[in-house]
Each structure stands twice: as C-alpha cells, then as structure tokens.
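**Student:** Numbers 1106 to 1274, taken from my numbering, label the letters of the sequence shown in order.
For glycine and all other residues, C-beta sits at the position ideal for the given N, C-alpha and C.
Handing you this structure, nothing more for now.
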Amino acid sequence: MTDMQQRPEEEEDNIPSFIAVGELQKYGIQVADINKLKAGGIHTVTGVTMQTKKALTSLKGLSEGKVDKILEACMKIQNGLFITGFECLHKRASVVKLTTGSKSLDKLLGGGIETQSITEAFGEFRTGKTQIAHTLAVTAQLARQDGGGQGRVAYIDTEGTLYGKSFFL
C-alpha cells in the first residue's frame, strides 16, 4: 500500500487546493527563482507540477538543475498528491453504485449513482430532482446487497423540501 491509500479520507480533505509558490522557499528554493516562476505566470505549487520540464527550463534563468530541485520541493509539499494509474484503478474498485429506486434509470446511469463523486441533477420544476435526492439519502444507508452504500448521510435542505413525515408514510 502507498501512503495515499493508507491515509484516512478526512486527512486528504485537509490538503489545501492552492499552495502559493512562495512556500517553496521553506524547501530551499531561492526567492529569485520563485520570482522567475511568478514572472512566467506560475503562482501555485500545483501550477509548477503541471508544467513540463521543457516549459519550466524555458523560463529565463531556470536551469535544468534548478527545475529538478523546484519539482522535488513541490512533490514534498504536495506529499504524494499525484497517484499512479494503478493506484487510481485500486481506488475505483471501492466505488459503489447506489440504486435510484428505478431499474430503468439505474440502467441508463450504468448501474446507479456512483459514490465518491459529485452528481448534478438539473431540470424543470417538478421533474423529480428532489425525490431522487431523498431516495438516494435513504438508499445510501441500505445494505450493499439491497443496492445501497451501507453508509451515512448528511442531507442539507436549502429549500425546505424535506419533511420528516414523508419518510414515515
């Protein structure tokens, strides 16, 4: 197992999305080199790691050796944020498909709504979006053999459409 697979999900969520390139100074990168990155339009650590070495060495004053040190520092900061294809495949194996309560809709969706992802439902007024959300809130808690995710749900109702009585009728 890799470090990424051993870390709890909560810890993954605490990794900041945007880390300024100024943080590279803590890892031995000179301010002048950081300023060269900024002058080249690169302002985040992720922005650096998404560049090719060729693109980074094309910035005035950054040699291949400096670029290697910068990339090494970025990888330390990101703490293995990038994963291999094999690791991604292994994570995908834990995805569960939740039933929507409709066999036809589940078939259309390739087996149901996937966990570990964001699914957006949109459409005209009174087309069933809220009903599907309520159904998924219930099915996500069902056992896996019943089409559920055997999990917990936090439903945030911003429109006042969730009525406790409707679940008990």
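Spell out the partners DSSP gives GLU1219 in its beta bridges.
**Tutor:** DSSP output for GLU1219 lists LYS1202 as bridge partner(s).
**Student:** I need the boundaries of the alpha helix (DSSP H) containing LYS1174, first residue and last residue.
**Tutor:** First-last of the alpha helix (DSSP H) with LYS1174: 1169–1183.
**Student:** Pop quiz: THR1232 and GLY1254 are said to be a contact at Cβ under 8 Å. What is the actual Cβ separation, rounded to whole angstroms?
**Tutor:** So it is not a contact: roughly 24 Å between Cβ atoms.
**Student:** With distances taken between CB atoms, is the gap from THR1240 to THR1205 smaller than 9 Å?
**Tutor:** Yes, Cβ-Cβ distance for THR1240 and THR1205 is below 9 Å.
**Student:** GLU1128 and ILE1188 look like a contact to me (Cβ under 8 Å); what is the Cβ gap, rounded to whole Å?
**Tutor:** About 21 Å; that fails the 8 Å criterion.
**Student:** Would you kindly work out how many angstroms separate the C-alpha atoms of VAL1136 and SER1168, rounded to a whole number?
**Tutor:** Spanning the two alpha carbons is a distance of roughly 15 Å.
**Student:** If you draw a straight line from the alpha carbon of LEU1210 to that of GLY1217, how long is it in whole angstroms?
**Tutor:** If you take the alpha carbons of LEU1210 and GLY1217, they lie about 7 Å apart.
**Student:** CB-CB under 8 Å to GLU1116, same chain, minus the five flanking residues each way: which ones, in chain order?
**Tutor:** Unreliable positioning characterises GLU1116 in this predicted model, as indicated by a pLDDT of 45, which lies under 50. A coordinate reading is not provided.
**Student:** Using only the alpha-carbon positions, how far apart do ASN1140 and VAL1153 sit?
**Tutor:** When rounded, the distance between both Cα atoms is 13 Å.
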